[in-house]
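Residue numbers (my numbering): 83 to 179. Using N, Cα and C, we set each Cβ at its ideal position, and we do this for glycine too. Here the structure is a predicted model, which is why all the values come from computation and not from measurement.
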């Protein structure tokens, strides 16, 4: 079986500010942004953490950046246009075994 590898680079940026509070517009989950993930497919995901005082534990969930609303400003987070490997990356055939 041939393996496909990618080479090249892609610059990623975000308007998510780590440490700020965001709310997911679909679920209503609100928490502090603690991580931003960029996937090869072009998806930008954000991890939100919140303290559940009823259960006395820290909860976390990951959402698409475009679904998040900055609590202090009410502004919806923007997300780079998806595109993944075809944006700045080239493919080549890998070695076979």
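Could you tell me the alpha carbon to alpha carbon distance between residue i and residue j, rounded to whole angstroms?
i, j, result
"residue 86", "residue 107", "Confidence at residue 86 is low in this model, with a pLDDT of 49, below 50, so the placement of that residue should be treated as unreliable; the coordinate-derived value is given next. So the alpha carbons of these two residues sit roughly 37 Å apart."
"residue 111", "residue 121", "22 Å"
"residue 133", "residue 114", "10 Å"
"residue 153", "residue 139", "22 Å"
"residue 102", "residue 137", "23 Å"
"residue 156", "residue 129", "18 Å"
"residue 145", "residue 99", "15 Å"
Residue i bridges to which residues according to DSSP?
i, result
"residue 158", "151"
"residue 119", "127"
"residue 108", "Answer is none; residue 108 lacks a bridge partner."
"residue 142", "131"
In the DSSP assignment, the beta strand (DSSP E) including residue i goes from what residue to what residue?
i, result
"residue 98", "Unbroken run through residue 98: none, as it is neither H nor E."
Give me, in chain order, the residues of the same chain whose beta-carbon lies closer than 7 Å to that of residue i; leave out the 5 immediate sequence neighbours on both sides.
i, result
"residue 96", "118, 126 and 147"
"residue 149", "106, 107 and 108"
Excluding the 5 residues preceding and the 5 following residue i in the sequence, name in chain order all residues of the same chain whose CB lies nearer than 6 Å to its CB.
i, result
"residue 158", "151"
"residue 135", "none"
"residue 105", "112, 151 and 153"
"residue 160", "97"
"residue 116", "129 and 131"
"residue 94", "120"
Residues in its own chain within less than 8 Å of residue i by CB, not counting five upstream and five downstream?
i, result
"residue 141", "113, 131, 132, 133 and 134"
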